[in-house]
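Peer 1: Okay, so the sequence shown: first residue is 848 according to our numbering, each after it adds one.
All C-beta atoms, glycine included, are put in the ideal place defined by N, C-alpha and C.
Predicted model, so just to flag it, every value in this text is computed and none were measured.
Encoded as C-alpha cells, here's the structure I'll be asking about.
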Amino acid sequence: LALEILKEKYPKYSKYADEYMKQDVGNFCNMFIFPKEMFFEYCEYIFSILEEFRSRVDISEKRFFISERLTGIFIYEKMQQGLKYKVYPINFVCEGINIPIAYPLTKTNAYALSVSIASALQNADKTTSFTFYLIHGKGIDKEIKDKFRRLAEYYSDRKCSFEFIESLYEPEYYPLEISERLPKLNKLIYFNEKAIAMHDLSEFYRTCSVDDYLISGIPKTYAENDSGSRKLSDGIFVINCKFMRNHKILEQAKKLTSDYPGIQLINSLCNDQIGYFAEWFVTLAGDKRLYDRTIRAKAKNRGQYQLEATWRPVLYFGQNEPWSNIQGIYSNFWWNCAVKTPMLFSFPYIDSDRSIKLLNEQQRELNHFEEINRGMCRDDMRSLLPDPRYNPLTVGYEKQEAEEARYRDYVNGISELCDHSYAQASRRGNEWIPEPPPREAQYEPYGNGSEPPQEENLSMPAKMKRYYRQFGMKRTVKRVFEKLGGK
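Rendered as C-alpha cells:
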C-alpha cells in the first residue's frame, strides 16, 4: 500500500522503487547526512506518504518499517541520478542495561530458582544489571526472602536487586497479573525455575521484540505460524506489560480463572497478538519436539547437540528437570551453574519412588536420542557385535516400564545366544547375520538337580525366563557362559 501511495504522489520514483525492492541490499535505520535542501525535499516526500498511509490504515500498536523502505528508495533515486555519495559503517554502542525478570516463587522451587537467578548473574556482563521480581502466594516468610537477598550479596560484583510481590492467584496466572502489579514497567522477561541463562541476557532482552505483541514465548507446536492460530507453551515469556494493561488482560482473565488453566487463558486472550521466540533464542531441553526441528534434522551425536546450546542465550528444561534427570543431554549445563551457586536452600528433590520413575524417563530420553540418531553415539560399540540386537544399550522402553523391559530384553538376548551358541555367522555385505537357531534346542541340567522343571512345550525364551525368576541374573548368566563353553 505504501508503494502504491508513493507511485500516486511521486510517479518519478516508480521505476526506482521497483528496482530497489528487488535488490538484496538497502539503506536501513533511517540514518543519513544530507545537504539542507535535500533534507527538506526528503521531509516533504516521506511525511506526505506516511500521512496518507496513516489515513488508510489503523497503525495503533503496530510497526511496519515503512519509513525505512521509503528512505532507502529516496537515497537510491539520488544515487541513480549520478550524485556523489559515500557509505559509512554503523557502530552499535551497548550501554549498560537493567533487565527486569519476574519469577514465580513457591516453597518447593526456591533451590532451583536460586540456580536460575545465579546463572543470569554468573553470565552477565559487568554493565548489565538486574531487577528480580519474585511473585509468590502466602507462606513465603522473611527467612526465604532474606536468603535471596543474600544471593545478591554473594554476587556483589554484579548489580542486582530483589522485589517480592504477594499474589492471591495460583502461580499459573502470574504472567497475566504481573503487568498490573508493575504499572511503570513496559517490558519484562518472565522465567520459571526451569530456565537458565547460557550467557549475558541483555541481547536477548533487547532483540526479543514484543512491540507488535502482547506476549512472546515458546510455540506449543510448530505446525502453525499464522497470526490468530499461534499457541504458546507454559514456562518462559517476554511480556509487553504496556499492551497487557491497555487491553485489560487481567480484568478479562479474572472472569475465567476458575474455569481455565493459565496458559489456556494466555493463548485465548492474547489471540492474534502472540509472538514466537526465534529459534536462536532458546534451547528447549527434554521435549521430543526438539528432535523434529528442521535445524536438527541431520543426525548428530550428543556433543553436537550440546554445542548448539552454547550459543543460545537461554536453556529451558520443559520436561525431565536436570536436578532429577542427571543423564539428560543438557543437564550438565544446569549442574555447572548449581555447583557455583551458594547453597542457601536445601535440595528438596530426593524421593526414592520418584527417582525410580525418573530413571525410567531418563532411559527413555536416551533411547529416543539413540533412535533418532540411528546409533551414531554407539557406532564403535555396535561394530564389535555381530548383531546390534544383543547390545543392551539399544534396549527399547517405549511400551513397558524400565525394569520389565530390561529384564525382557536381557533374557531374550541371552536365550537367543544360548539357542545358537554353536551356529556360525555368515557374512553378507557389511552385515553379520547369524544363522537361525535350531528349533528343538534344549538346555543341559544345571547344578545338582537344582534346575526348575521344564515342560517340553515351553519355548526357549520361556525356559530362560523361568530360570531367571527362580535363580536370578547372576546364575542365569553363569549358566549361559558354561553352555557356550567360554565362547
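If you draw a straight line from the C-alpha of Glu1248 to the C-alpha of Trp1170, how long is it?
Peer 2: Note that Glu1248 scores 48 on pLDDT, short of 50, meaning its location in the model is unreliable; the coordinates nonetheless yield the value given after this. Looking at the two C-alpha atoms, the distance is approximately 22 Å.
Peer 1: Given a cut-off of 9 Å on the beta-carbon distance, is the pair Leu952 and Phe1038 in contact?
Peer 2: Taking 9 Å as the Cβ cut-off, Leu952 and Phe1038 do not qualify as a contacting pair.
Peer 1: Does the region 930-941 come close enough to the region 1010-1027 to have 3 or more Cβ pairs within less than 8 Å?
Peer 2: They do not touch, by the three-pair rule.
Peer 1: On the three-state DSSP scale, how would you describe Glu851?
Peer 2: Of the three classes helix, strand and coil, the one that applies to Glu851 here is helix, per DSSP.
Peer 1: Tyr1034 to Ser1056, Cα distance in whole Å?
Peer 2: The question names Tyr, but residue 1034 is Lys in the sequence shown. About 9 Å.
Peer 1: Tell me whether the region 866-885 and the region 911-931 touch, counting them as touching only if at least three CB pairs, one residue from each stretch, are closer than 8 Å.
Peer 2: At 8 Å Cβ cutoff, the stretches touch.
Peer 1: Do Ile1043 and Ser976 have their C-beta atoms closer together than 9 Å?
Peer 2: Cβ distance not < 9 Å, so Ile1043 and Ser976 don't count as in contact.
Peer 1: Just to confirm, are Tyr923 and Ile896 a CB contact at a threshold of 9 Å?
Peer 2: Cβ atoms of Tyr923 and Ile896: not closer than 9 Å.
Peer 1: Per DSSP, Pro1066 is paired with what?
Peer 2: Partner(s): Leu1079.
Peer 1: Give a yes or no on whether 9 Å exceeds the smallest Cβ distance from Leu897 to chain D.
Peer 2: Considering every chain present, this structure includes no chain D. It has just one protein chain.
Peer 1: Alpha carbon to alpha carbon, how far is Leu1048 from Met885? Give it in angstroms, no decimals.
Peer 2: If I take the Cα positions, the gap works out to 41 Å.
Peer 1: From the DSSP output, in three-state form, read off Lys1325 for me.
Peer 2: In this structure, Lys1325 counts as helix in the three-state DSSP scheme.
Peer 1: Relative to the alpha-carbon of Ser1008, which residue among Gln1099, Gly1109, Lys1031, Lys994 has its alpha-carbon at the smallest distance?
Peer 2: Nearest of Gln1099, Gly1109, Lys1031, Lys994 to Ser1008, Cα basis: Lys994.
Peer 1: Is it right to say Gln1317 is buried, meaning 16 or more other beta carbons lie within 10 angstroms of its own, or is it exposed?
Peer 2: Classification for Gln1317: exposed.
Peer 1: Can you tell me the Cβ-Cβ gap for Gly1082 and Ala1132, rounded? I've got them flagged as a contact below 8 Å.
Peer 2: Not confirmed; about 11 Å, so no contact.
Peer 1: So what's Gly1122 in DSSP terms, helix, strand or just coil?
Peer 2: Strand.
Peer 1: Can you round the beta-carbon distance between Thr978 and Asn945 to whole angstroms, since I take them to be within the 8 Å contact cut?
Peer 2: Their Cβ separation, rounded to whole angstroms, is 6 Å, which keeps Thr978 and Asn945 in contact under 8 Å.
Peer 1: I need the DSSP call for Leu1103, collapsed to helix, strand or coil.
Peer 2: Coil at Leu1103, not helix or strand.
Peer 1: Are the region 996-1005 and the region 1183-1197 in contact at 8 Å, needing three or more beta carbon pairs?
Peer 2: With a cut-off of 8 Å, the region 1183-1197 and the region 996-1005 count as touching, because enough Cβ pairs lie within range.
Peer 1: If I follow the unbroken beta strand (DSSP E) through Glu891, where does it start and stop?
Peer 2: Per DSSP, Glu891 belongs to no beta strand (DSSP E); it is in the alpha helix (DSSP H), 883-903.
Peer 1: What is the DSSP secondary structure of Ile1012, counted as helix, strand or coil?
Peer 2: Strand, per DSSP.
Peer 1: Please say whether Tyr1123 and Ile1065 have beta carbons closer to each other than 9 Å?
Peer 2: Yes, these two residues count as a Cβ contact at 9 Å.
Peer 1: Are Leu848 and Phe900 closer than 9 Å when you measure CB to CB?
Peer 2: Contact: yes.
Peer 1: Spatial neighbours of Ile1086 within its chain, please: CB distance less than 6 Å, with the 5 preceding and 5 following residues excluded, ordered by chain position.
Peer 2: Within the same chain, Ile1086 has close Cβ partners Leu1035, Tyr1037, Ile1062.
Peer 1: Ignore the nearest five residues each way along the sequence and tell me which others in Leu1112's own chain have a CB closer than 8 Å to its CB.
Peer 2: So the list reads Tyr1020, Leu1023, Ala1100, Leu1103, Thr1104, once near-sequence residues are dropped.
Peer 1: Exposed or buried, what is Tyr932 when buried is set at 16 or more other beta-carbons lying within 10 Å of its beta-carbon?
Peer 2: When all chains shown are included, Tyr932 counts as exposed.
Peer 1: Give me whichever residues DSSP pairs with Leu952 in a beta bridge.
Peer 2: Bridge partners of Leu952: His983.
Peer 1: Along the chain, where does the alpha helix (DSSP H) that runs through Ala959 open and close?
Peer 2: Start and end: 957-969.
Peer 1: Go ahead and pull the three-state DSSP assignment for Thr974.
Peer 2: It is coil, neither helix nor strand.
Peer 1: Could you tell me the distance, in whole angstroms, from the CA atom of Arg1077 to the CA atom of Glu888?
Peer 2: For Arg1077 and Glu888, the distance between alpha carbons rounds to 43 Å.
Peer 1: Cutting at 7 Å between CB atoms, please list the residues of its own chain near Phe881, excluding the five before and the five after it.
Peer 2: So the qualifying residues of the chain are Tyr889.
Peer 1: Based on Cα-Cα distance, which residue from Lys862, Ala965, Val904 lies nearest to Lys925?
Peer 2: Considering only alpha carbons, the answer is Lys862.
Peer 1: Would DSSP call Tyr932 helix, strand or coil?
Peer 2: Tyr932 falls in the coil class under three-state DSSP.
Peer 1: For Arg1028, I'd like the list of residues in its chain whose CB is within less than 6 Å of its CB, leaving aside the five on either flank, ordered along the chain.
Peer 2: Cβ neighbours of Arg1028 beyond the five flanking positions: Ile1012.
Peer 1: Do Tyr935 and Ile982 come within 9 Å of each other at the CB atom, strictly closer than that value?
Peer 2: Not a contact, by the Cβ cut-off of 9 Å.
Peer 1: Tell me the rounded alpha-carbon separation between Arg1159 and Phe1051.
Peer 2: Approximately 9 Å between the Cα atoms of the pair.
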